[in-house]
Amino acid sequence: MLDEQNFKHVLVYGARLAGQRVQAYLADRDVRISAFLDRDASLDQVDGIPVASAQDWAASHDPASACVIIGLFNNYVDVGEVVAQLQQLGYGRVVSLVEFVRHFPEGQPFRYWLVDPRYYEANADRIAHLRENLADETSRELLDRIVDFRITGDYLRLPAPSPRQYFPEDLPTWPQPLRFIDCGAYTGDTVEEMRASGLFFEAVATFEPNLENYAVLVKSQGNLNAVNFPCGVSDGNRQVGFDGALGAGGHLVESGGETVTCVRLDDALPGFAPTLIKMDIEGEEPAALEGALQLLRQYRPNLAVSIYHRAEHLWSIFEQIDGYGLGYRFFLRCHAHSSFDTVLYAVAPNDFERCNGVATHA
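The numbering used here puts the sequence shown at residues 1 to 362.
Here it is as structure tokens:
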């Protein structure tokens, strides 16, 4: 991939963690990069490797002689714009991180949904089953685009992120006043955004295992009728390791990290009677759903569940919820770049019927 056009230079776009991991992977295979490209003018080198902007490097070298590997993996950069800029500057080849992993699938670090693209191809039947069960054309088209992107690495196949994560305006309006369970509440940002958009609450229960985030969360609740738990949610009541180094991306770990307590929603809130449950808990969503099964069966709350933390979650979380046989209607929306913040919305039967003029279910 890197030498098929005899490129004189191999560059990595992005000098932060994702780019450094690409560089380290290449170094382990005796491939030396000439430089990092990055927009951050405060960086001049990383581990002895020079850092320059794409414009400055192109001004002092022949960009056509360089192969640029995209080393960006986050929810806030429009990588399609970056690729277009590199092409306009005349760089010889631009390799997406998806394409990089396809060519070098062995020994790659964990990157949420980013796996060997052939994994998605191998699960085409399960993806097709999900598609057949999505309730509107917007969801079906989005699924097609996400899968195309995760197979090809073409960022231009993705639509612009949808606004209003967890309460999209093009889906049925959640019944109010809300009885809301926020799993992975971080600093209370979701509740704040919902309140700012005019939603109102009868009761709120939040779960956040990171104590620094939890302190901010508690202060943010204002005059809400809220109960806040400094713990995570799962399918059992136990203590586990938690790595909070990534802030909003804090997650449970097999070993090491800070010790935190996880609980089952069925045990923590047996009589809460939720009307909406949100889960953004770094891959623990399937276990947390199992730990909330009694609540789901008794109260049929609407669900907003993140499905981007693992490749298989794109279809397996739908299969799990659908397998409960509770009559949910399913929608898909993506609220960030590069298919991060992809959320499966499971709308309860009564609420779908109440608002089926809002959502197209042809």
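Just so you know, even glycine gets a beta-carbon here, dropped at the ideal spot from N, CA and C.
Limits of the unbroken beta strand (DSSP E) element including residue i
{"i": "Y368", "result": "Missing from the structure shown is residue 368; the chain here goes from 1 to 362 and no further."}
{"i": "F340", "result": "Segment: none, F340 is in no beta strand (DSSP E) and carries neither H nor E."}
{"i": "C334", "result": "R329 to C334"}
Residue i versus residue j: straight-line alpha-carbon distance, rounded
{"i": "A362", "j": "D136", "result": "With a pLDDT of 38 at A362, under the threshold of 50, the predicted position of this residue should be treated as unreliable, though the coordinate-derived value follows. For A362 and D136, the distance between alpha carbons rounds to 6 Å."}
{"i": "E202", "j": "F330", "result": "25 Å"}
{"i": "R21", "j": "C262", "result": "31 Å"}
{"i": "L134", "j": "L72", "result": "30 Å"}
{"i": "Q221", "j": "P175", "result": "20 Å"}
{"i": "P161", "j": "I281", "result": "20 Å"}
{"i": "S372", "j": "Y328", "result": "Any question about residue 372 goes unanswered here, given that the chain covers just 1 to 362."}
{"i": "D62", "j": "Y91", "result": "8 Å"}
{"i": "I321", "j": "A348", "result": "11 Å"}
{"i": "F7", "j": "H313", "result": "38 Å"}
{"i": "V227", "j": "V204", "result": "6 Å"}
{"i": "E169", "j": "H103", "result": "40 Å"}
{"i": "A292", "j": "V101", "result": "36 Å"}
{"i": "V98", "j": "L158", "result": "14 Å"}
{"i": "A336", "j": "T206", "result": "23 Å"}
{"i": "D78", "j": "A18", "result": "15 Å"}
{"i": "V83", "j": "T190", "result": "32 Å"}
{"i": "Q87", "j": "P109", "result": "28 Å"}
{"i": "N225", "j": "P117", "result": "45 Å"}
{"i": "G247", "j": "L37", "result": "The predicted position of G247 is uncertain, since its pLDDT is 42 and thus under 50; a value taken from the coordinates is nonetheless stated next. Computed Cα separation, rounded: 25 Å."}
{"i": "T187", "j": "Y214", "result": "6 Å"}
{"i": "F229", "j": "N210", "result": "10 Å"}
{"i": "L199", "j": "Y345", "result": "17 Å"}
{"i": "V115", "j": "N223", "result": "44 Å"}
{"i": "Q45", "j": "V95", "result": "22 Å"}
{"i": "L217", "j": "E192", "result": "10 Å"}
{"i": "E258", "j": "L142", "result": "37 Å"}
{"i": "I138", "j": "R32", "result": "Note that residue 138 is Thr in the sequence shown here, rather than Ile. Answer to the nearest angstrom: the Cα atoms are 44 Å apart."}
{"i": "V147", "j": "L156", "result": "13 Å"}
{"i": "Q298", "j": "P270", "result": "10 Å"}
{"i": "Y166", "j": "G48", "result": "43 Å"}
{"i": "Q85", "j": "G232", "result": "41 Å"}
{"i": "N74", "j": "R145", "result": "18 Å"}
{"i": "L171", "j": "K219", "result": "30 Å"}
Given residue i as reference, the closest of the options once Cα atoms are compared
{"i": "R333", "options": "L326, T342 and G325", "result": "T342"}
{"i": "D351", "options": "G92, L326, S139 and T190", "result": "L326"}
{"i": "Y120", "options": "G107, E132, G153 and A54", "result": "G153"}
{"i": "E208", "options": "H335, G184, E284 and A196", "result": "G184"}
{"i": "T173", "options": "W57, R157, L303 and L26", "result": "L303"}
{"i": "S316", "options": "I181, A205, A292 and A128", "result": "A128"}
{"i": "V12", "options": "A35, Y186, E132 and D47", "result": "A35"}
{"i": "D28", "options": "G107, Y214, A59 and W57", "result": "G107"}
{"i": "E319", "options": "E285, D267 and L158", "result": "E285"}
{"i": "T275", "options": "Y155, R300, E290 and V260", "result": "R300"}
{"i": "Y76", "options": "A346, T187 and S338", "result": "S338"}
{"i": "M194", "options": "R32, R164, D44 and V95", "result": "R164"}
{"i": "V240", "options": "E81, A346 and V260", "result": "V260"}
{"i": "V10", "options": "C67, A54 and D30", "result": "C67"}
{"i": "F266", "options": "A124, L295 and D40", "result": "Position check: residue 266 holds Asp in this sequence, whereas Phe was assumed. Nearest C-alpha to D266: L295."}
{"i": "R93", "options": "I69, N237 and V31", "result": "I69"}
{"i": "A54", "options": "S306, A64 and G48", "result": "A64"}
{"i": "S306", "options": "R297, G236, D182 and G271", "result": "D182"}
{"i": "R150", "options": "F167, L171 and A124", "result": "A124"}
{"i": "L26", "options": "P177, P105 and K219", "result": "P105"}
Assumed close pair residue i, residue j - CB separation to whole angstroms, cut-off 8 Å
{"i": "A24", "j": "V51", "result": "A24 to V51, Cβ: 16 Å. No contact."}
{"i": "S234", "j": "A268", "result": "That belief does not hold up - the Cβ atoms of S234 and A268 are roughly 11 Å apart, past 8 Å."}
{"i": "R131", "j": "R140", "result": "5 Å"}
{"i": "W113", "j": "Y308", "result": "5 Å"}
{"i": "L89", "j": "A58", "result": "5 Å"}
{"i": "R264", "j": "G236", "result": "7 Å"}
{"i": "N179", "j": "A311", "result": "Asn is not the amino acid found at residue 179; the sequence shown has Arg there. No, R179 and A311 are not in contact; Cβ-Cβ is about 33 Å, not under 8 Å."}
Limits of the alpha helix (DSSP H) - the one that residue i falls within
{"i": "F318", "result": "H313 to G323"}
Short CB-CB distance (under 7 Å) between residue i and chain C
{"i": "R140", "result": "In summary, chain C is missing from the structure at hand, where a single protein chain is found."}
message: Ignoring anything shorter than 3 residues, give me the beta strand (DSSP E) runs that lie fully in the segment 173 to 225, in order along the chain.
response: Taking 3 residues as the shortest admissible run, the segment 173 to 225 contains the following complete beta strand (DSSP E) segments, listed from N- to C-terminal end: 178 to 183 and 201 to 207.
- request: With a floor of 3 residues, list each beta strand (DSSP E) that falls wholly inside the segment 256 to 309, ordered by position along the chain.
  value: Listed in chain order, the complete beta strand (DSSP E) runs (minimum 3 residues) inside the segment 256 to 309 are 258 to 263, 276 to 279 and 302 to 306.
- request: Mind listing, in chain order, the continuous alpha helix (DSSP H) runs of no fewer than 4 residues lying wholly within the segment 100 to 166?
  value: Taking only runs of at least 4 residues, the alpha helix (DSSP H) segments lying wholly in the segment 100 to 166 are 118 to 122, 124 to 132 and 137 to 152.
field: Whole alpha helix (DSSP H) elements within the segment 12 to 40, 4-residue minimum
entry: Within the segment 12 to 40, the runs of alpha helix (DSSP H) at least 4 residues long that lie entirely inside it are, in chain order, 17 to 28.
message: To test your reading of the DSSP string, which unbroken alpha helix (DSSP H) runs of 4 or more residues are found completely within the segment 49 to 83?
response: Whole alpha helix (DSSP H) segments, 4+ residues: 54 to 60.
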